[in-house]
Amino acid sequence: MPSPSSHPVKAVLGPTNTGKTHLAVERLTAHASGMMGFPLRLLAREVYDRVVAIKGAGQVGLVTGEERIMPAGARYLLGTMEALPVERDVAFVGIDEAQLGADPERGHVFTDRMLRARGREETMILGSASITGLVRDLVPEAEIITRPRFSTLSYAGPMKLSRLPKRSAIVAFSADEVYAIAEMLRRFAGGAAVVMGALSPRTRNAQVAMFEAGEVDYLVATDAIGMGLNLDVTHVAFASLQKFDGRRVRRLTIAEMAQIAGRAGRHQQDGSFGTIGLPQGGMMPEEIAAIEGHHFPPLASLFWREPSPRFDSLDRLIADLGRPPAHPALRAAPEAVDLAVLKHLAGDIEVIARANDTEAVARLWDACGLPDFEQLGPEHHSRTVLKLWQWRTSGNGMIDPDWFARRLARLDDVEGDIDQLASRIAAVRTLCFIAQRGDWIADAAGWTAQTQDLETRLSDALHAALAQRFVDRRLALLIRDAGQRHTALPVAVGADGTVAVDGEPIGTLAGFQFKVDAQARASDHRLLLAAAEKHLRGELARRAAALAEGDGSALTLISEAGAPPRIAWHGDVIATLAKGTTLVQPAILLEPALRRLEPPQVQAIAERLQTFVAEQLARHAAPLAAMGAAASDLFTPPRVRALLAAMADGSGLVERAVVDEQLTAMSAEERPQLRKLGLTIGSLDIFHPQLLKPEAVRWRAALAAAQQGSAMPELPPHGAVIQKHGSPEGLRLAGFRRCATGWLRIDMAEKLARQAHAARMQAAAPPTAPIAGGEPHHDNDAPEESEAQAEALPGFAIDPALATSLGLDADARRALLGSFGFRSVGDPALERWRWLGRRSGEKRRSPRHRRKGAEPRPGAPKTQVPRSEKAPRAKKGKSGKAPHTGSRAARGDRTARRGPSPHSPFAGLADLLAGARED
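Last residue of the sequence shown: 926 in our numbering, with the numbers rising by one and none dropped.
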């Protein structure tokens, strides 16, 4: 808790445009000596110029982190709050924007100055009314004076950028946002001035001078304008209502909004504020009311950090800096950059070795005070600090002048774009800070002159670059006139494909195709395109090499329905599949953008895509390629070749009815060749199970579309086995068969066919004759009534459970069984079936081809009747009446003992039938 002072302390509190700073300058110049601290170097420089105009340059000094003007007879000192010498004996002390004591990064500095900086005759604390209560608690001796705003501030609502009134300031919270808005204003309003806290005072003053002189009607700025910069602004528009505060992106507080909005309307001139569109939902009614009425929630506390830590040891220094405050209105400050750098260096071996050296620890903390002007972060910034500390604690304790000279020479370049110049200025500010420390470097005055000269030249170059880009419409984006070296504007390609010319987005690069932004002006279109294409050569060559030499993981097949089959790289289309020499050897047509590359690059890409297609086909559609190879092999039997050719034409599938003639004509030696290829010879279709997998279906559909020169059909979802609706072409390619009103995958249809034939075989087997592999059947296992009932029912039953589990309704199941050759008999409700053979147009066998002993069914002499249909008559002892009945019964016995042929579709059903017997 600070002790009360006997010197008069006044706290002048109130909103913006109340004349607080003007009053403090009057009081400063009324005393014989004085000093005043400000939050920004720009503001300190502005007030310095005002005091110089009153007192003369010989009596006024300026001290900031990177600039020091100190005449021998200086009696008045202006500077940033960090650079303000608290122990200096002066008659007047002024502390501006004291409410910044609540700032997480710099707040402890403002709090310390408010508590400790005092003038002999008068001390004046300036700030927002939100710290009234804290001033009473922390500085009880202070006289609090409130001042009303000179003009009215009102809300004007959201507006389009093109509708903003003249003399408007647009506020954004990042350099990228500032540049983008200024560029848009250049397009339709002639240009804009740019003001940011990172600008040097010279650049900032030159930009403001353009605005004040009326050369431009708009000013685009960061929140730096909220810190007391006096501008002739009538309207303030927020381009955003959130900012990154160094730790997170957050919404502006009401006090921050009011501080910025208050720049509108100076002295007796009223001002207004609003937004560009509705950023982050726009301003809330309570925010608007608070800003208009200047009613802000009071601050609950200010940040504090020990201003006089001990240097006995490194541990004690860190402990003192982390000590919590004793006063309840104060709270410990978050870890600032200087403390973060100190803690990072505490792990260095050399620092640890000297951790108990008081002088070394003191000089380490002094070096940590070097601001991170370049925003490098504590880890990177600590490298520079460590180097400075090593020089400060060895030899003569001075920084190596050769190192300083090399860094200065490296930055001595006034060419480049805005970002490059701004980056150099930030680096020069670091050297300026070092140069103005006479205890750090020898010949500080000489180095200060050189660094300030370089900063001046870079500032002038930056101002010229800003004016060229945001004011002059032509020189900002177009190539210079003839007679000069023709150089296009710098082009950068973002991770999302956005192509930016000098930081301004002009189009996108999707794969190898560049498209100019549709919003670009027609007069700039060709020049921007030429500049982009010129500078994209290196990027396109890099992408071509990455594509040609890549492992293929970025390549994908695009099977979008209604479009031709295409190949994409990182999601961008680079080629189209077209008709080739065979189905599995499609042609690959590169996109026009790729064909404009160098011929070797085009050739390498074409070969890589051919390899990719071959790899994918080998992985997902190898059976299809095997069919095609076998069909073209002269050593393959003709009948097998004919069948395989039909399957290759059908993308690996074929209806059995189409090739039934070739299949029937095959010899026993030829059929195994089909099985070696993994083909399934089903009741209705011949197919390979692997070709029904989702990825195989996509590639088969793509190959078929490429060969036919058509678009990709709509394919069923992955894993589907039944579909009610869809593209017939796509469903057939995917291996689906029409089934009444729906479609069923052919492998599932074959499963149902095998189940139906298994039921037929079970029904055909005599009860007393065991099925091969089954248990003996005992007549006493079932009551006579059940046997009699079974004898009375026509046909046999087929369990509908499998069909139901697949989603087939009764009509679809009936139609599918009918296509297998089964017909419903008797009462439809009983679901009884009889095998009549398939009737799908094939030729029935003539009588001479029937098996020995087979009898035609009465009433249908040309239809073969399976033996199972007449087996029951053999049980009734009528063998004497029918000459062939005995032989049929004997043949039936022989069939039962032998079991199904291992080459028939019913092979492997013995266990199933044995289980049925046990049930």
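We put the CB at the ideal spot given by N, CA and C, even for glycine.
These numbers were taken from a predicted model, which means no experiment stands behind them.
(message) Using the Cβ count rule (16 or more neighbours within 10 Å means buried), how would you classify G354?
(response) exposed
(request) Let me know if W936 comes out buried or exposed under the rule of 16 or more other beta-carbons within 10 Å of its beta-carbon. (result) Only positions 8 to 926 of the chain appear in the structure, and residue 936 is not among them; the question remains open.
(request) Please report the residue range of the beta strand (DSSP E) in which K758 lies. (result) It is not in any beta strand (DSSP E) - K758 instead sits in the alpha helix (DSSP H) that spans 753 to 771.
(message) Judging by CA-CA distance, which residue of L50, E222, G164 is the nearest neighbour of A205?
(response) L50
(message) Using C-beta distances below 6 Å, list every residue in its chain close to A18, excluding the 5 sequence neighbours before and after it, in chain order.
(response) I132, V142, A149, I151
(request) Assign M291 to buried or exposed, taking buried as 16 or more other Cβ atoms, counted over all protein chains shown, within 10 Å of its Cβ. (result) exposed
(request) Pick helix, strand or coil for R288, following the three-state DSSP scheme. (result) Here the sequence assigns Gly to residue 288, which means Arg is not the residue at that position. Here G288 sits in helix by DSSP.
(message) Here's a check: name, in chain order, each residue in its chain whose Cβ is nearer than 8 Å to the Cβ of R417, leaving out the five neighbours to either side.
(response) none
(request) Pull up the distance between the alpha-carbon of L259 and that of Y55, whole angstroms please. (result) 30 Å
(message) Using 8 Å as the threshold, is the C-beta distance between R839 and P807 below it?
(response) no
(message) Just to check my reading of the structure: G114 and L309 have Cβ atoms closer than 8 Å, yes? What is that Cβ distance to the nearest angstrom?
(response) 6 Å
(request) Verify whether the separation of the beta carbon atoms of I188 and A231 is less than 8 Å. (result) no
(request) Use the C-beta contact count for F803: other C-beta atoms within 10 angstroms, 16 or more gives buried, fewer gives exposed. (result) buried
(request) Locate the beta strand (DSSP E) running through Q592, then write down its first and last residues. (result) 592 to 597
(message) Measuring straight from C-alpha to C-alpha, what distance separates S674 and L751?
(response) 32 Å
(request) Classify R898 as helix, strand or coil using the three-state DSSP reduction. (result) With a pLDDT of only 41 at R898, under the threshold of 50, the placement of this residue in the model should not be trusted; the figure read from the coordinates follows. Reduced to three states, the DSSP call for R898 is helix.
(message) By the three-class DSSP mapping on this structure, what secondary structure does L650 have?
(response) helix
(request) For T589, name the three-state secondary structure that DSSP assigns. (result) strand
(request) Take A90 and list the residues in its own chain whose beta-carbon comes closer than 7 Å to its own, dropping the five residues that flank it on each side. (result) V70, T71, G72
(message) Measuring straight from C-alpha to C-alpha, what distance separates P630 and P696?
(response) 9 Å
(request) Look at T25 and P155 and say whether their C-beta atoms are less than 8 Å apart. (result) yes
(request) Return the CA-CA distance between A548 and W706, expressed in angstroms with no decimal places. (result) 30 Å
(request) Please say whether A585 and A713 have beta carbons closer to each other than 8 Å? (result) yes
(request) Count the C-beta pairs between the segment 252 to 266 and the segment 98 to 111 that are closer than 8 Å, then say yes if the count reaches three, no if not. (result) yes
(request) Kindly indicate which three-state DSSP category M131 falls into: helix, strand or coil? (result) strand
(message) Taking DSSP's pairing of strands, which residues face F803 in a bridge?
(response) W840
(message) Between the alpha carbons of E313 and N237, how many angstroms are there, rounded?
(response) 34 Å
(request) Helix, strand or coil for K250, going by three-state DSSP, please let me know. (result) strand
(request) Kindly identify the DSSP beta-bridge partner or partners of P512. (result) A507
(request) Determine the direct distance from the alpha carbon of Q769 to that of G780, and round the result to whole angstroms. (result) Low local confidence applies: a pLDDT of 42 at G780 is under 50, so the model's placement there is unreliable, with the coordinate-based value given in what follows. So the alpha carbons of these two residues sit roughly 13 Å apart.
(request) Out of L35, A60, V116, L47, state which residue places its alpha-carbon closest to the alpha-carbon of L84. (result) L35
(request) Please check the pair D692 and V661, which I expect to be a contact at CB under 8 Å, by giving their CB distance rounded to whole angstroms. (result) 7 Å
(message) Under 7 Å: does the beta carbon of N403 sit that close to some heavy atom of the ligand SAM?
(response) Absent from the structure shown: the ligand SAM. Ligands present: none.
(request) For the alpha helix (DSSP H) containing H388, list its first residue and its last residue. (result) 385 to 399
(request) Would you mind listing the beta strand (DSSP E) stretches within the segment 50 to 126 that are 3+ residues and don't spill past its ends, in chain order? (result) 67 to 70, 83 to 87, 99 to 102
(message) In the DSSP output, which residue or residues are listed as bridge partners for H351?
(response) Bridge partners of H351: none, in fact.
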